[in-house]
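For the sequence shown, the numbering used here assigns the number 8 to the initial residue and increments by one for each residue that follows.
Think of the CB as a built atom: it goes at the ideal place given N, C-alpha and C, for glycine as much as any other residue.
Predicted, not measured: the structure shown is a model, and the values here were computed from it.
Shown next, in structure tokens, is the structure this report addresses.
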Amino acid sequence: MSDDALPELDALLASSAQLPALPRSAALLLAELAHVQPQLRRLNLHFGQDPVLAARLLALANGPAFQMARQVSGIPEALALASAQQLRTLVAAAPLGTAAQAMPGVSLAQFARYSQLTARLARALAGVLLQDQVAAYTVGLLHGLGELLLHLCIPQEMAAIDALVPPLDARRSLVEQQILGYGYEEVSARLAERWRLPARVVEALRYQNDPLAENACEPLAAIVHLASWRMRAHLAKLDEKQMADSFPGDVGVILGLDIDMVLQQDPFDWRRGQSAEDVVV
8 MSDDALPELD ALLASSAQLP ALPRSAALLL AELAHVQPQL RRLNLHFGQD PVLAARLLAL
68 ANGPAFQMAR QVSGIPEALA LASAQQLRTL VAAAPLGTAA QAMPGVSLAQ FARYSQLTAR
128 LARALAGVLL QDQVAAYTVG LLHGLGELLL HLCIPQEMAA IDALVPPLDA RRSLVEQQIL
188 GYGYEEVSAR LAERWRLPAR VVEALRYQND PLAENACEPL AAIVHLASWR MRAHLAKLDE
248 KQMADSFPGD VGVILGLDID MVLQQDPFDW RRGQSAEDVV V
């Protein structure tokens with residue numbers, strides 16, 4: 008990252024409080040939290056479907072109130088710490104992605120769906136590799152938040168980048184680095200640092216697009232790299248040959264996973280997916 012890009016990135020990170028949540032997720036959470044005894048299973052489900060609300064929850068759990076900075080890596084742990092009143096306040100204070108606050112160039116519902124499916128794939132792969140499945144889900148869910156913040160804060164620049172390469176193109180980060188001086192993965196990692204998330208989550212986000220970099224040592228980065236590849240291949244409707252040609256085999260070798268093993272990790276119904284074009288509208 009160039010030094011010239013740092014001031015702009017710092018200003019951009021300060022705007023992260025404006026990231027909007029899905030109205031449906033917020034409504035479901037508030038409805039559950041209105042019960043005398045909210046069900047943790049349902050709270051975990053609803054937070055796990057919205058990257059922005061999940062990030063807010065993890066920031067709360069790793070914040071000063073609980074003195075657990077950089078220790079809480081998953082939604083279940085965070086829910087075990089926070090009271091119902093704290094959760095109600097957190098959800099009620101979140102900006103919502105209503106028509107009046109539409110995210111320039113992005114469908115929030117489709118972004119959340121892509122993020123959730125990537126998280127589920129990352130969790131499945133982590134299970135195969137005997138890695139932390141909760142942390143893998145978190146990294147998968149939050150991995151694209153940098154892209155969301157970029158579209159929110161610099162919509163004109165991002166519209167120009169969208170015209171060059173789609174958001175789910177494998178070249179996306181490289182093009183952003185060439186034009187902006189940093190890619191969405193660095194923004195996601197800086198956000199996680201700002202929220203005091205555990206170092207392994209930060210590192211996995213930072214190296215998600217280059218898990219074999221010299222400084223990369225977090226297996227979760229390679230896991231989310233493969234999970235993201237699988238989801239993007241699905242959304243782009245790649246055929247078997249195209250998937251074989253695009254499979255990041257060098258990453259697979261490091262983890263001991265070949266393409267067939269990765270393709271077997273489909274713990275959900277693909278029919279609810281959408282085309283790659285639907286992610287940005």
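Judged by DSSP secondary structure, ARG239 falls within the alpha helix (DSSP H) whose first and last residues are 226–242. Scanning ILE261, ALA243, ALA206, ARG237 for the CA closest to the CA of ASP267 turns up ARG237.
Ranked by how close their Cα comes to the Cα of ASP176, the residues ALA243, GLN138, ARG201, LEU137 have ALA243 in first place. Look at the beta carbons and you see the stretch 88–100 not touching the stretch 149–165: under three pairs across the two are nearer than 8 Å. Non-local C-beta neighbours of ARG213 in its own chain, meaning closer than 7 Å and more than five positions away in sequence, comprise GLU192, GLU193, ALA196, ordered along the chain. Checking the DSSP bridge columns, you'll see ALA28 partnered with LEU103. The beta carbon of PRO111 is closer than 8 Å to those of HIS158, LEU159, PRO162, MET165, ALA166 in its chain, skipping five residues each way along the sequence. About 5 Å separates the beta carbon of ILE230 from that of LEU132, a gap short enough to meet the 8 Å contact definition. Here the alpha carbon of HIS232 sits roughly 24 Å from the alpha carbon of ALA66. By the neighbour-count criterion, in which 16 or more other beta carbons inside 10 Å mark a residue as buried, GLU183 falls on the buried side.
Looking at the backbone, the Cα of PRO102 and that of GLN117 are separated by about 18 Å.
Of all C-beta pairs linking the stretch 197–207 to the stretch 61–81, three or more are shorter than 8 Å, placing the two stretches in contact.
Taking the C-beta atoms as reference points, LEU270 is found no nearer than 8 Å to GLN138. Between ALA223 and THR125, the C-beta spacing is not below 8 Å. The DSSP-derived three-state label of ASN222 is coil.
With distances taken between CA atoms, LEU19 lies nearest to LEU155 out of ARG48, THR96, PRO71, LEU155.
The shortest CA-to-CA distance from ARG179 to any of PRO27, GLN215, ALA21 is the one to GLN215. For a cut-off of 8 Å, the C-beta gap from GLY81 to ALA142 is around 6 Å, short enough to register as a contact.
Separation of the CB atoms of LEU97 and LEU47 is rounded to 15 Å, and the pair is thereby denied contact status at 8 Å.
For ASP246, the three-state secondary structure derived from DSSP is coil. Exclusion of the five residues before and after PRO255 leaves HIS232, LEU233, TRP236 as the residues of its chain whose Cβ lies within less than 7 Å of its Cβ. Straight-line measurement puts the Cα of PRO58 at about 30 Å from the Cα of ALA251. For the pair GLN272 and ALA119, the Cα-to-Cα distance works out to about 20 Å.
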